[in-house]
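**Student:** Going down the list, the protein sequences come from chains A and B. Note that the first sequence covers residues 1 to 1379 in UniProt numbering. Note that the second sequence covers residues 1 to 329 in UniProt numbering. For glycine and all other residues, C-beta sits at the position ideal for the given N, C-alpha and C. Here the structure is a predicted model, which is why all the values come from computation and not from measurement. Just dropping this structure here.
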Amino acid sequence: MSVEPFRSVLAGLGLDPTPREVAEILWLATRLPAAPSTAAADVPKTDSPQPPAAETADDTLPEPAEEQPAPVAAPEVPVYAPAPAPTPGDASRPAAKPVRLAADPLLPRQLELLRALRPLKRRVPSSCVAEFDEEATLESMAQRSVRHRKGALLPVLRPSAERWLDAVLVVDGHPTGLLLWSPLAREVHRLLVQLGAFRDVRLRYLHTRPDGSPGLSALPAPRPDRIRGTSEIHDPSGRRLVLVLTDGVAPGWQNPAVREALRQWAATGPLVVLQALPERLWSRTALPAVPARLRRAPNSAANTDLVYSGRRRGKRELPAGSIPVPVLELSPQWLKPWAQLVAGAGSPVTDAAVTLLAADPRPTQSVTDARSPERRLQDFHATATPQAFRLLACLSAVPLTVAIMRVVQAAMLPGTPPTVLAEVLFSGLITPTATDGPTAPADAPHDFLPGVRAALLESLRAHEVDQILREVARFVERGGAVAGRVSGLLPDPTGDAELSADGLPWALLREEALLRAGLTAPPAERAPSPRVGHADRAGHADRAVRTDSAVRTDPAARGADNPYRLSGIITIADFSDVHLGIDADGNRAVVKTQPRYTELDPAVLQALLRVEAEALRRMAGRFAPPLLGIDPDVEPTWLAMGYVTSVTGRAAPNLIHGPWSSNGPADDFHALTLLARRLAEALDRAHTAGIVHGNLSPHAVLVVPDTVVLISWVYAQFDGRPHPYPQYRERATGYRTPEGYPQDAPLDPSFDIYGLGAIVLHEATRDSILSPSPRALSRLPSHLSGLRTLIGRCLDTDPRRRPTARQFLDELEELTASREAQRTEALGDRRGAWERLAALPGLSGIKQFLEHLRAQTEMAEDLRVAGLPGAVDQVNPHLVFIGNPGTGKTTAARLVGEICRDLGLLDSGHVVEARVSDLVGQYVGETAILMNGVIERARGGVLFIDEVHELASKHRQFGDELTSALFSHMPPMPRGMVVILAGSPQKMRDLLAANPGLAGRFPPENFIQFPDLDPDTLMTILEGLVEERGLRFEEEAADGLRLVVTAMQRTSDEGFTNARAMRDLADAVVNRWADRSGGDVEEPVTADDIPDAYRVQLPHPVPDPSAVLAEIDGLVGMQPVREILEDLTVQVRMRQVLDDSGVTPPHMVFTGPPGTGKTTVARLVGRLFHDLGLLRGRHCVEVTPADLVSAYVGQTAERVQHLVQNALDGVLFIDDAYSLGPPREGAGGFGAEAIDALMREMENRRGRLCVIVAGYPQEMDAFMAANPGLASRFATRVSFPDHDTEDLVEILRRMAAERGYVLAPGVPARAAAWLDAVRRADPSGFENARTVRRLLHLMETYKAPRYHRAAPVDPSRPSRAEFLPEDVPEPPPTWPSPG
Amino acid sequence: MSDWLVYRGTGEPHDGIADLPEPPPWRVFYTDEPTRFDRDHDYGLSARWPLRAAAYQVDRHAVEMVNTALYLRRPLLVTGDPGVGKSSLAYAVAHELRLGSVLRWPITSRSTLKDGLYRYDAIGRLEEVDKVSAATPADVGRYFRLGPLGTAMAPYSLPRVLLVDEIDKSDIDLPNDLLDVFEEGLFEIPELSRVADTFAHAEVRPADDGARVAVTAGRVRCRAFPFVVLTSNGERDFPPAFLRRCVRLHLPAPGPDRLRAIVHAHLGEAAPHAETLISLFLERRSKGELATDQLLQAVYLARHAAGEAAADRGHVAELVLQYLNQDRR
């Protein structure tokens, strides 16, 4: 017997049992009675991730009868925000009943946090508790018995090990902080207790006492006279860890006394700040942090004993009297190094972020925020993390209390840290609102600043509001942990709480979940009421329309009195509120009701609803939602229609959100014609039924898989009769006809046709949604020219010239057919796909594959004809194309599509191109929606995903979502779709290595290589491109370009774009030609027209670097340097003459003391190499190691890449390079990371970059020796010797001359004496030219007073710009050198 | 259809444990000489429990999960809000199946595996070395005492009931340490195995002061895997490996009917005002955390302490029905 089927059944239930568990289930089953029972079904639940549902009543609860079908969709009950204490006698507020629901713990990844803190579990010998030392006792016994011949028993005791530290968690007690952080504080507290590392863990709140001094209390809100001083927790023995949990935002942090208290704690024991905000925001708080390197003192963990060194050059000293305090985020990667530092485990040196507590803190000014709400929202959007903004948007759908915000965060952005919520709360966009009764802090009501909620709601899709409420409810229902609890109110007439009149719900709970939680659903909602028949999905709307008015009227009931329970507003339309309605069977519907705030006559509203109902009835569920019911005669009035869902099961979005074409290029012909066809079909149906829609715009078009549903029928007109209330129409928008909306005459169907044209045009151009204009027609790309004519006719100002919907469809049909023909023609003279394939150069891989596919298909067909089972579905047609851009992958994909169609494997064979970046959504779940959209469009054709390797890099987190969405569509492929993934070679390898699942879907023989094109092919392409523009080459130009192309191909690296590069080159050539010739087509293209940027690739006639070399001659004391560079120049030229290819600029090491001209020469080298034709640019980017290294892991490589990018085609000069390494133990090794990144870049950018590293000779030697990989890459070494005094005086003379001075006789001698003395005084600190500059400065200083005195006497005296010997300072005293 | 249930949840003691089938082959343990224990006596450790155990109200689902754990010889991890009767479940099972006294091991953050297994009184032994003459064979076992876990692992012929209370309070390593003992069904006392050559057998006192347990070569091995109840208030996540080895049961807060039955079982019919208190209790519980115990106390107090006036009873109820999770304000 095989257990495999059984396992797969379990797997289908979402269980993943281990073999042992399978065995246990089977074993248990054999011991159970044979009859099917719920007990047996319960057994596997032991492994389910959730505790099994438990009955609320006793065990006599009847088991659910089997024949009772499960409800299609569970009824849902809205939950509202908890309200303050009820006001007795206020009957206007609906009654409600309070509930409490569980939420997830605030602190994610608690186990990892515990692990990170483990080093603190140090034990030290106790001073008071002793324990029996077995070994020592026996040892002593043995000694004694030997010596005294008797075994006296003297137990030896040793101090028992006890926990090293106790801990005090000090929580910032300012009101907002408490609101936010007290649950977090409790969790951190519990975590610290649970860690078991501390003798004791205490929780204290930091308050401000009435006299302004800080104080501590065990209570979050104590009586002011019960707050004790801050020295309470000061422990002179140094065995107390103080953790301050704060956001550093409270005004109290400006108080010097608070900092003084912190300094006291930090003086004897470890103190750390746990920052509740993300690091990004720290600089805005009162506790900004700087990167630093900390070393722990051997015997003390006190902050004052930490040895601090700044991370930047020249900032090694701690500002006098300040104490470094590490600042940490509450995450394992922050806590771990700190815990190791404090405990003295691991490396004694740690990189950390510290805030410096100055001895004399200066209070800073607080600034009032005068920005407007809109401005704040914009600023927040610009600066916030994406998650924070997403959370803010989600919050706009719910009432605000901190507890509810937490639940929304946990449900909508699972796994995000509490700092995301903090970011939102500190955005200044949300403020507490006044309450009229006491509430728990977490339940205190908040609200957005005026206008913000509305603005945010716009950024949500209409269906998302509803979706958020439901997600939150599902999250609450899952209810895992019970750490935080959130309160809510259920509407319930029997309850004694009250809902506020305009409250929003924050969750939609399913009734069954309520029952399970021991709550009953509100009885009012379940009261029997006459029901409207629910139209089935086929849409028998007629049957469903209510014409009587038997609906019970109860003015006290909330919202419209109709058989649908209203659970959340979907959107607010012009003349109605649009709700999500749930009928008694749990089916969803869209219910329109009279708006809450309106000045309109109810009769008008009723009339408008009647119009809509009539239109829906006539459309009968085709291209419109089915009409479910209407009662315009009751007050308030209502209309219900079908709830339209998209492919994901969520509410269908409307076109304004752009889902029709957002997955691909706007001008995708296939997508546009499909949209146009569907819209025209919808209008054809409406017009045939005597309806003119009259309000066609993207708002009115819902997108469902492959088709559209029109809504918003309130302005419809029937059978040529005018609308009853035309005056309420919105005035012109871009979707209204220019002739306007007639006030008294009926609308003509051509009115709708104009809207159709405008929508399609908008989709194609993606102009502003409000104002598509016929002018945009001219911007349609040429491949849409047929469509352009057709749309143009729709948008004709004369209504009579517009086509009817039927004509439109016919013309569209013709258009598609002719386009197909055109395309074949354009692609290759009407040859079949096979012929065109054969004509393509190279591509043997794809040719082979397709031959194979044909053979297999034909074989399968033969087998089928012979009555044998065909095997066509065993062919895996999915392909991976590997090759650089421009190697013909797209062309090949088109051919695959056509050939698969010809072979009968695909229906249409069209190609839908998508890029990974188009598919990656902004939030979790969106990717799947986008992906599904693309898959929908690609059905029957080829889905071609280019640059798929991006999955492996930036979009990692979405990659999984994307691939799983893709894979779920891949297996059942016969006649479905062919998926082709494409990318460049190196990155594809990485992706496939990282993603074995991906590799598994594509067998190795389906990997097709697209090699880079050879120079001849490239040249042919280039010639074709230039000749296409009517130009011709001169022989010389052709030769030159051939050289350029050959060189480009040879030096190509990852990312060479082949044919596309040829297009760029051709454009550049033609531009230059146009400039030169003034557009005279008779003028041929000459060698002059080769753009400068490409000329480097040409053999340089005889590069003439002598100018640069001569410039070196102009520098003093550079003879040795000049010799080396001259040698180098000669070498390069020789190699260029011998073989004009492959000469790359060498990387160099400059060694020498400071002030010997290294930087100056590096700049010259850039120009020298340019003149030699080795580099395209002449620039030199000068950096220090600090620019390369980042304080954070992983960012260093990014910085290096960035700098290399800046230096590309020029020189990258790294001064003091030795300070990058060798990597020190425990120092984080960022220097090493930088070196690795640099070497990688040097390899990748070979020939396009010259790196020069410079520094002191000894240090550079050690540096190169420690990094052998470097030594081999920096082959050329240039030593800059110390200048001798003679040179220095010459330098002085030149510097002085530059500033307009001359040196009087005697000055050189005195200057030489001074320089010598300085050099002797401190040989290693002598800075050559820089010291000379200092001397010049001194001389100027001395001269100034004299010049000032002398000047008025005789301004014409030539000596006024002359340095005299007395201007030269006395040489400093020379100390006899020690020893 | 319920004939597979060994534990029936009726509260009536019976001998159904005899019907428990042999364990699955991978949970068969050792056949050491069985240690005696009194199935009905409870050695004063839980004198006040039997009544409560008898009155324990349990639902169908819990009964099935208890039996699953018994059948599979796996620990039962019980979660639920405070006061829903997580610990009482162990006593109820011990009472009904006549499995003797419950071995209770309350966990704190300082508890270690060794605390649960045994204690060794080295000093005592050292002090007595002089007094004991070399002639009398030393009774090494008297310096040892098994802990609750150690006792549960002793070779009893029937499963003992071990209650590991509030395991979520434990040090992070404890669950995994426990897992190992539960998997192997044995542990070693190094102090004894070290002297196994001299004293191959030792008689060690169990945690419940019952008959001494014979320990051979320092190894304690179980015959019948104990019925282990681990309770957790959900204060922390357990390692997945640990969860996989446990049968998990979540006890929901009791609804009105069960509350009524609980009150009835504990305080008898003589609680006419109980109905009011139950509804008060339910209403208050919907707003904050309350334990079932508090209801019982309230009913009890209202009967004895207060007069007949309903107002007094309400006042008394207020005294007892304080929220467990209330912030001090």
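Determine the extent of the beta strand (DSSP E) in which A:Glu1123 is found, giving its start and end residues.
**Tutor:** Note, A:Glu1123: premise wrong, no beta strand (DSSP E); alpha helix (DSSP H) at Gln1119 to Leu1138.
**Student:** Using 8 Å as the threshold, is the stretch 695-713 of chain A in touch with the stretch 616-628 of chain A, meaning 3 or more CB pairs across them?
**Tutor:** As far as the Cβ criterion goes, the stretch 695-713 of chain A touches the stretch 616-628 of chain A, which means the pair count is three or higher.
**Student:** Contact between the stretch 1145-1165 of chain A and the stretch 1319-1328 of chain A is defined here as three or more beta-carbon pairs at a separation below 8 Å; is this criterion met?
**Tutor:** The stretch 1145-1165 of chain A is in contact with the stretch 1319-1328 of chain A.
**Student:** Check the Cβ-Cβ distances between B:Arg284 and every residue of chain A, and say whether any is below 8 Å.
**Tutor:** B:Arg284 does not count as touching chain A.
**Student:** For B:Trp26 and chain A, any beta-carbon pair shorter than 8 Å?
**Tutor:** Closer than 8 Å: yes.
**Student:** Using a C-beta cutoff of 8 Å, does B:Asp171 count as contacting chain A?
**Tutor:** Yes, contact with chain A.
**Student:** Within this structure, are the beta carbons of A:Val1211 and A:Ile1252 separated by less than 8 Å?
**Tutor:** In this structure, A:Ile1252 lies closer than 8 Å to A:Val1211 by Cβ.
**Student:** Determine whether the Cβ of B:Leu72 lies closer than 8 Å to any Cβ atom of chain A.
**Tutor:** Closer than 8 Å to some Cβ of chain A, the Cβ of B:Leu72 qualifies, so yes.
**Student:** Could you say if the stretch 747-756 of chain A and the stretch 682-693 of chain A meet the contact criterion of at least three C-beta pairs nearer than 8 Å?
**Tutor:** Yes: at least three Cβ pairs fall under 8 Å.
**Student:** Using alpha carbons as the reference points, say which of A:Asp1067, A:Ala339 and A:Ala1275 lies closest to A:Pro119.
**Tutor:** Among A:Asp1067, A:Ala339 and A:Ala1275, the Cα nearest to that of A:Pro119 is on A:Ala339.
**Student:** What are the start and end residues of the beta strand (DSSP E) that includes B:Glu203?
**Tutor:** Residues His201 to Val204.
**Student:** Give me the subset of the stretch 15-29 of chain A whose CB atoms are less than 8 Å from a CB atom of chain B, sorted by chain position.
**Tutor:** The residues in question are Thr18, Arg20, Glu21, Ala23, Glu24, Trp27 and Leu28.
**Student:** Buried or exposed: where does A:His207 fall if 16 or more other Cβ atoms within 10 Å of its Cβ makes it buried?
**Tutor:** Flag for A:His207 reads buried.
**Student:** Could you give the first and the last residue of the continuous beta strand (DSSP E) run that contains A:Asp447?
**Tutor:** Taken as a continuous stretch (DSSP letters only), the beta strand (DSSP E) holding A:Asp447 covers Pro445 to Phe448.
**Student:** Taking C-alpha atoms, which residue in B:Val66, B:Arg284, B:Tyr118 and B:Glu12 lies nearest to B:Leu20?
**Tutor:** Ranking the options by Cα distance to B:Leu20, first place goes to B:Val66.
**Student:** Taking contact to mean 3 or more Cβ pairs, one atom from each stretch, closer than 8 Å, check whether the stretch 88-97 of chain B and the stretch 4-22 of chain B are in contact.
**Tutor:** With the cut-off at 8 Å, the stretch 88-97 of chain B and the stretch 4-22 of chain B touch.
**Student:** Just mark A:His1202 as buried or exposed, buried being the case when its beta carbon has 16 or more other beta carbons within 10 Å.
**Tutor:** When all chains shown are included, A:His1202 counts as exposed.
**Student:** Please list the partners that A:Gln387 has in chain B, where partner means a Cβ-to-Cβ separation under 8 Å.
**Tutor:** In chain order: nothing, as chain B lies at least about 23 Å away.
**Student:** By the DSSP assignment, the beta strand (DSSP E) with A:Ala640 in it spans what residues?
**Tutor:** From DSSP, the beta strand (DSSP E) with A:Ala640 extends over Trp638 to Gly642.
**Student:** Tell me, please, which residues DSSP counts as bridged to A:Leu356.
**Tutor:** DSSP, once it has assigned bridges, lists A:Pro324 as partnering A:Leu356.
**Student:** Which complete alpha helix (DSSP H) runs does the stretch 1202-1287 of chain A hold, if anything under 4 residues is left out?
**Tutor:** Whole alpha helix (DSSP H) segments, 4+ residues: 1230-1244, 1257-1266 and 1268-1273.
**Student:** Any C-beta of chain A within less than 7 Å: which residues of the stretch 187-212 of chain B qualify?
**Tutor:** Within the stretch 187-212 of chain B, no residue has a Cβ that lies closer than 7 Å to any Cβ of chain A.
**Student:** Between A:Cys1250, A:Trp1073, A:Cys794 and A:Leu1125, which lies nearest to A:His1179 when the distance is taken from Cα to Cα?
**Tutor:** Closest option to A:His1179, Cα to Cα, is A:Cys1250.
**Student:** Using a threshold of 8 Å, state whether the C-beta atoms of A:Gln264 and A:Ser213 are closer than that.
**Tutor:** Cβ atoms of A:Gln264 and A:Ser213: not closer than 8 Å.
**Student:** Mapping the DSSP letters down to three states, classify A:Trp181 as helix, strand or coil.
**Tutor:** Reduced to three states, the DSSP call for A:Trp181 is helix.
**Student:** By the criterion of Cβ-Cβ separation under 8 Å, what are the contact partners of B:Arg110 in chain E?
**Tutor:** As a matter of chain content, chain E is missing from the structure shown, whose protein chains are A and B.
**Student:** Tell me which residues share the same chain as A:Arg1072 and place their Cβ nearer than 6 Å to its Cβ, disregarding the 5 neighbours each side in the sequence.
**Tutor:** These residues qualify, in order along the chain: Asp1089 and Pro1091.
**Student:** Tell me which residues share the same chain as A:Glu66 and place their Cβ nearer than 7 Å to its Cβ, disregarding the 5 neighbours each side in the sequence.
**Tutor:** At A:Glu66, the pLDDT of 38 sits below 50, so the modelled position is not reliable and the matter cannot be decided from this model.
**Student:** How far does the beta strand (DSSP E) with A:Gly581 in it reach, from first residue to last?
**Tutor:** Where A:Gly581 is concerned, the enclosing beta strand (DSSP E) stretches over Asp577 to Ile582.
**Student:** Have a look at the DSSP bridge pairing and note the partners of A:Ala507.
**Tutor:** A:Ala507 is bridged to A:Val79.
**Student:** Does the beta-carbon distance from A:Val1108 to A:Leu1164 come in below 8 Å?
**Tutor:** Contact: yes.
**Student:** Could you confirm whether any beta carbon from chain A is found closer than 8 Å to the beta carbon of B:Thr10?
**Tutor:** Cβ-Cβ to chain A under 8 Å: no for B:Thr10.
**Student:** For chain A, check one thing: does any of its Cβ atoms lie closer than 8 Å to the Cβ of B:Trp105?
**Tutor:** False, the Cβ-Cβ gap to chain A never drops below 8 Å.
**Student:** Cβ closer than 8 Å: which chain A residues qualify as neighbours of B:Ile278?
**Tutor:** Neighbours of B:Ile278 on chain A: none; closest Cβ ~13 Å, over 8 Å.
**Student:** Where does residue 1380 of chain A fall in DSSP's three states?
**Tutor:** With chain A running from 1 to 1379 in the structure shown, residue 1380 of chain A is simply not present.
**Student:** Determine, for B:Ile17, whether the minimum Cβ-Cβ distance to residues of chain A falls below 8 Å.
**Tutor:** So no, B:Ile17 is outside the interface.
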